[in-house]
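Asks: My questions all concern the structure below.
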């Protein structure tokens, strides 16, 4: 079970629970992996992301949570895209990077809540 006070989120795939954590290192990996000019571009990119983009982001968050996984490992997990997107969104929200009050201002601003 994730510790939300520490900014953790959870992905359940193939009956296994994985911890996701948005660390500074994960942010840098996301920025580099998606070839973004700045962290401010994450919102725009994730609003129109491909499954491979979410695999890059999830892999960085999983490594932040202590799992040695690559984007290819994420793509091989037994889970649907909706579960992956929800876990990634939860990780950003747990880190305080999602707006409150009904209007998203974090990386998922403008993204559909379920793919």
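Residue numbers (the working numbering): 61 to 175. Think of the CB as a built atom: it goes at the ideal place given N, C-alpha and C, for glycine as much as any other residue. Keep in mind that this is a model prediction, so the values were computed, not measured.
1) For the stretch 61-73 against the stretch 90-98, are there 3 or more C-beta pairs whose distance is under 8 angstroms?
2) Using a threshold of 8 angstroms, state whether the C-beta atoms of residue 136 and residue 116 are closer than that.
3) Determine the burial state of residue 79: buried for a count of at least 16 other Cβ atoms within 10 Å of its Cβ, exposed for fewer.
4) Roughly how many whole angstroms lie between the Cα atoms of residue 108 and residue 146?
5) What residues are listed by DSSP as bridge partners for residue 95?
6) Locate the beta strand (DSSP E) running through residue 82, then write down its first and last residues.
7) Is residue 144 helix, strand or coil when you go by DSSP?
8) Just curious, the alpha helix (DSSP H) that residue 71 is in, first and last residue?
9) Between 157, 156 and 152, which lies nearest to residue 122 when the distance is taken from Cα to Cα?
10) Which residues mark the beginning and the end of the alpha helix (DSSP H) in which residue 123 is found?
11) Given that a residue counts as buried once 16 or more other Cβ atoms are within 10 Å of its Cβ, and exposed if not, what is residue 148?
Replies: Walking through what the data contain:
1) no
2) no
3) buried
4) 15 angstroms
5) Residue 95 pairs with nothing; no bridge assigned.
6) No beta strand (DSSP E) contains residue 82, which DSSP labels as neither H nor E.
7) helix
8) From DSSP, residue 71 is part of no alpha helix (DSSP H) but of the beta strand (DSSP E) over 68-73.
9) 152
10) 111-124
11) buried
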